[in-house]
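Undergrad:
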Amino acid sequence: MSVRNTLFHFQASEMLLFNKKITAQEACDRNLVSEVFPNDVFQKETEARVQQYAKLPKISLQKCKLVSRELEKDKLYQVNKHECVILMERWQSDECMNAIMGFFSSKGSKL
34 MSVRNTLFHF
44 QASEMLLFNK
54 KITAQEACDR
64 NLVSEVFPND
74 VFQKETEARV
84 QQYAKLPKIS
94 LQKCKLVSRE
104 LEKDKLYQVN
114 KHECVILMER
124 WQSDECMNAI
134 MGFFSSKGSK
144 L
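Residue numbers for the sequence shown follow the working numbering, beginning at 34 and rising by one.
1. So the alpha helix (DSSP H) K53 belongs to, where does it begin and stop?
2. Taking the alpha helix (DSSP H) that Q95 belongs to, which residues open and close that run?
3. Which of the three DSSP states is assigned to K88 in this structure?
4. Name the two residues that bound the continuous alpha helix (DSSP H) containing D62.
5. So what does DSSP say about S67, is it helix, strand or coil?
6. Suppose contacts are defined by Cβ-Cβ distances below 9 Å. Is F70 in contact with E59 by that definition?
7. Could you check the C-alpha separation between M48 and L120 for me, to the nearest Å?
Below, the structure written as structure tokens:
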């Protein structure tokens with residue numbers, strides 16, 4: 034695994050496992066979003082983009098999207114199936130039950 038991939042994996046884990054928040058610019062730097070607009074021009078820029086994209090050929094865009102995602106589709110299905118198995122295991126664990134009971138008991142005291 035390359036240094037760049039290792040860093041990306043670490044940053045993704047940090048967000049997913051530890052609920053780390055990132056800024057819009059950090060999301061852009063990590064290629065999670067393609068561009069960041071300042072708040073004062075956001076509405077104008079997004080409207081212009083929507084108008085520009087609406088003029089593009091719909092069927093061609095759909096086919097390009099399909100082709101670009103087709104390569105990863107089988108892998109995504111495999112990962113999803115694996116995640117479902119793990120989620121079922123976690124839902125049935127004592128740890129999950131304790132977390133749910135703790136959540137409801139803390140909510141009940143506020144009611």
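By construction, the Cβ of each residue, glycine as well, lies at the ideal position given by its N, Cα and C atoms.
TA: Reading from the atomic positions:
1. Here K53 belongs to no alpha helix (DSSP H), and DSSP marks it neither H nor E.
2. K91 to W124
3. coil
4. A57 to D62
5. Under the three-state reduction of DSSP, S67 is assigned to coil, being neither helix nor strand.
6. Result no, Cβ atoms of F70 and E59 do not sit closer than 9 Å.
7. Those two C-alpha atoms are separated by around 19 Å.
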